[in-house]
Amino acid sequence: MINLAFKDIKHSFTKFIITAISVGILLGIVIIMIGVYRGMIFDAKELVKDIKADLWVVQQDTLGPFAQTSKVHEDLKDRISYQDGVKYAEGITFQNIQMQNSYGAFKVMLVGYDPLGKIKVINPNKIIAGRALKNEHYEIVVSQKTHYKLGEKIKLGRDYYTVVGITKNTVSNGGDYLMFVSLKDAQILQFTYTNERIRSDEARGIKGDNPHLVNAVIAKLKDGYNPKIVAKNIEDATHKTVFTKGEQIKLLLQRVIKKSSKQIGMFTAILIIVSIVIIALIIYTMTLEKIKEISILKLIGISNLKIIKMIMQETLILGILAFISGNIFARLIAGKFPKRVVLELGDAWALFAVIIVASIFASVFGVYKVLKTDPSEAIGG
Amino acid sequence: MSDEFLMKNGEKQMNNIAIKVENLVKKFGKGENEVTVINGADFTLKKGEFAALVAPSGAGKTTLLMMIGCVLEPTSGRIEIGGEVVYDNKWTVKDDRALRRKKLGFIFQAHYLIPFLNVEENVSLLPYENGEPEKVVKPRVKGLLDYLGVGDKLKNMPSELSGGQNQRVAIARALANNPSIILADEPTAALDTKRSVDVVKLLRKIAKEKEVTIIMVTHDDRLLPYCDKVLTIVDKKVEVKEQLEGVII
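Residue numbers (our numbering), protein chains in the order written: chain C, 1 to 381; chain R, 1 to 249.
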């Protein structure tokens with residue numbers, strides 16, 4: 001038997017492959033967009049997941065420290081440590097700062113934590129060079145993507161900090177690079193003012209600054225304690241708002257990146273629709289190019305079914321090749337994006353299903369043209 | 001003569017008829033724009049007859065051919081193909097496509113081979129579509145191509161052959177499904193005089209050896225002597241001229 005689709009593809013192989021790759025690049029962009037969306041969700045959860053805390057205690061009636069500003073006194077950690085079920089409690093700060101080095105300007109989230117504390121804030125698996133903080137002053141751990149080197153001195157505020165560790169894949173909920181300093185250094189950077197500001201405040205009757213603040217107190221629970229019950233007890237005892245780890249992640253996803261992820265989702269959906277339209281147009285054009293042959297086939301007695309089979313097989317092969325080349329393209333360029341792109345196999349298969357359905361849908365226009373083609377068009381006169 | 005002889009002779013005559021067209025009418029358009037192209041065509045062709053269809057451009061040659069080929073629906077009349085009534089003021093055949101691929105062969109002005117199929121595949125297409133097995137189709141196709149002098153071009157693509165070779169392949173394609181009728185629409189239009197004569201001689205040979213009825217549309221009077229009958233469209237009707245005496249064999 002003769003497979004018309006394979007024969008036609010073989011005949012115009014280069015053209016077909018170039019068309020498939022072109023559609024594939026478009027699909028690759030769709031895959032990247034899905035990856036960017038996944039990356040946003042991944043990044044939003046990453047920092048909270050890395051910090052080995054069960055509870056987040058923040059300023060009362062706020063959604064801090066990520067979704068809303070929160071300031072609490074550092075000594076709150078002592079009250080929380082005495083609560084039933086709490087193993088450790090430590091202060092933590094987060095501050096967005098702008099950095100500039102020879103690689104350009106970039107935004108960084110500076111995390112301040114107690115290097116002598118018991119709660120791990122830096123995921124040890126993500127330290128690719130050097131170590132975590134050990135001393136209470138002038139040490140800094142940086143993300144690999146900041147391009148700082150071990151031992152390099154970085155000026156922050158009035159002081160210089162030595163890079164003692166480099167991490168990989170550590171990002172803030174917004175996808176910015178992370179840098180870690182001791183809590184004491186972070187408090188100076190965030191909560192102390194310049195001499196001019198202090199004098200100005202004193203003139204207004206505001207007395208001094210208070211560096212003993214943190215953005216949140218994080219707590220690790222003893223085994224067997226229900227985080228929700230302990231959180232409720234802490235709220236009652238301290239008049240603060242307390243989130244469990246799960247609630248904090250949910251908050252990040254629902255409040256912090258909801259609109260951005262929706263925007264990306266919308267853009268992805270539009271791109272998928274555009275891809276379907278383009279595939280449909282290509283198939284329709286490919287059918288139009290063969291209209292003379294189709295009318296001859298119909299005239300000599302070849303059934304519609306065989307001709308439609310040819311169109312649909314070509315569409316499916318185009319869809320499959322485009323999908324494969326799109327995936328290769330996406331994987332080749334995913335690493336070049338400044339923010340995380342997460343390419344998941346599940347998404348790839350889902351897109352494959354969409355493309356197959358879309359290809360069948362796209363071939364409808366070609367099939368319609370086949371059915372409408374008058375066999376007498378093959379002959380002049 | 002006895003009644004039995006007359007009946008048997010009559011049946012034989014009937015069985016010998018390949019195409020019978022009765023009072024065939026074709027009109028295009030409606031109302032003020034209505035144009036009658038064929039108005040009451042009547043003719044009969046026997047098995048193995050090679051007929052030329054001649055008329056000026058626009059007189060309805062292709063229209064008549066397409067009606068016989070069940071491609072174009074007549075306005076009224078009756079068409080019989082190989083003893084089967086296919087049109088009697090309406091289509092009586094259910095699957096025109098199946099009728100074409102089983103009983104008819106088409107040859108066009110240009111070869112109109114499928115460019116993405118090689119010679120063997122172009123010729124094999126219809127027999128395979130008719131459900132014939134490969135072991136039957138392959139040797140028949142090879143035999144046909146040998147018969148037409150292009151047996152060594154089996155694996156060539158149409159783009160690799162000359163115009164004359166392609167037209168021979170097109171004739172092989174028209175014969176591949178063992179049709180009882182071949183409808184040829186100016187098959188020599190794209191060929192020079194020598195090749196035109198070669199093709200017409202070949203068609204005549206096919207008609208006689210394979211008992212295939214052929215209607216060939218042509219503008220070339222030099223080809224008429226090779227035909228058994230000349231059908232001429234005059235005043236929208238078909239005039240039939242037998243040319244038993246003048247036929248060149």
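Where is the CB? At the ideal position from N, CA and C, for every residue including glycine.
* Any C-beta of chain R sitting closer than 8 angstroms to the C-beta of Met33 of chain C? -> no
* Express the C-alpha separation of Lys61 of chain R and Ala55 of chain R in angstroms, rounding to a whole number. => 7 angstroms
* To do: Given a cut-off of 8 angstroms, decide if Ala18 of chain R and Ile256 of chain R are closer than it, judged by their beta-carbon atoms.
  => Any question about residue 256 of chain R goes unanswered here, given that chain R covers just 1 to 249.
* Provide the residue span of the beta strand (DSSP E) that contains Gly319 of chain C, from first to last. => Note, Gly319 of chain C: premise wrong, no beta strand (DSSP E); alpha helix (DSSP H) at 304-333.
* To do: Note down, in chain order, each residue of its chain lying with its Cβ closer than 7 angstroms to the Cβ of Pro211 of chain C, except the 5 sequence neighbours on either side.
  => Gln187, Ile188, Phe191, Thr192
* Asked: Do Pro65 of chain C and Val58 of chain C have their C-beta atoms within less than 8 angstroms of each other?
  -> yes
* Would you give the residue range spanned by the beta strand (DSSP E) that Met286 of chain C belongs to? => Taken as a continuous stretch (DSSP letters only), Met286 of chain C belongs to no beta strand (DSSP E), being part of the alpha helix (DSSP H) at 258-289.
* **Paired residues, beta bridge with Leu156 of chain C - DSSP** => C:Asp159
* **DSSP beta-bridge partners of Ile32 of chain C** => According to DSSP, which records beta bridges pairwise, Ile32 of chain C is partnered with nothing at all.
* Closer than 7 angstroms by C-beta to Arg101 of chain R: which residues in its own chain qualify, once you throw out the five before and the five after it? Chain order, please. => Leu126, Glu129, Asn130, Asn177
* Helix, strand or coil for Lys237 of chain R per DSSP? -> strand
* To do: Would you decide whether Leu63 of chain C is buried or exposed? Buried here means 16 or more other CB atoms lie within 10 Å of its CB.
  => buried
* Anything in chain C within Cβ reach of Ile68 of chain R, meaning under 9 angstroms, just list it in chain order. => Those do not exist, as Ile68 of chain R stays about 12 angstroms from chain C at its closest Cβ, beyond 9 angstroms.
* **Neighbour-count burial assignment, Asp78 of chain C, 16 or more Cβ in a 10 Å radius** => exposed
* To do: Using only alpha-carbon positions, find the residue among C:Ala44, C:Leu27, C:Leu351, C:Lys7 that is nearest to Leu253 of chain C.
  => C:Ala44
* Comparing alpha-carbon positions, which option in C:His147, C:Ile302, C:Ile218 lies nearest Thr373 of chain C? -> C:Ile302
* To do: Kindly list the residues whose CB is nearer than 7 angstroms to the CB of Ser12 of chain C, restricted to its own chain and excluding five residues on each side of it in sequence; keep chain order.
  => none
* If you measure beta-carbon to beta-carbon, which residues of the segment 108-127 of chain R are closer than 8 angstroms to chain C? -> Phe108, Gln109, Tyr112, Ile114, Pro115, Phe116, Leu117, Glu121, Ser124, Leu125, Leu126
* Who are the Cβ neighbours of Glu377 of chain C in its own chain at under 7 angstroms, not counting the five residues just before and after it? -> Ser295
* Asked: Given a limit of 8 angstroms on CB to CB distance, which residues of the segment 276-297 of chain C reach chain R?
  -> Lys292, Glu293, Ile296, Leu297
* Spell out whether any CB of chain C is found under 8 angstroms from the CB atom of Lys229 of chain R. => no
* Just checking, does the segment 276-284 of chain C make contact with the segment 351-363 of chain C on the three C-beta pairs under 8 angstroms criterion? -> yes
* **Residue from C:Phe42, C:Thr69, C:Ile17 with nearest C-alpha to Leu213 of chain C** => C:Thr69
* Asked: Comparing the C-beta of Gly366 of chain C with each C-beta of chain R, is any distance below 8 angstroms?
  -> no
* **Contact under 8 angstroms by Cβ, Ile25 of chain C with Gly265 of chain C** => no
* Assuming Gly130 of chain C and Ala330 of chain C make a contact with CB atoms under 8 angstroms, what is their CB distance in whole Å? -> Contact flag wrong, Cβ pair sits at about 33 angstroms.
* Asked: Quick one: what's Ala51 of chain R bridged to in DSSP?
  -> R:Ile215, R:Lys229
* **Three or more C-beta pairs below 8 angstroms linking the segment 219-239 of chain R and the segment 195-210 of chain R** => yes
* Asked: With distances taken between CB atoms, is the gap from Leu191 of chain R to Gly164 of chain R smaller than 8 angstroms?
  -> yes
* Asked: So which residues of chain C does Leu72 of chain R contact, with C-beta pairs closer than 7 angstroms?
  -> Ser376
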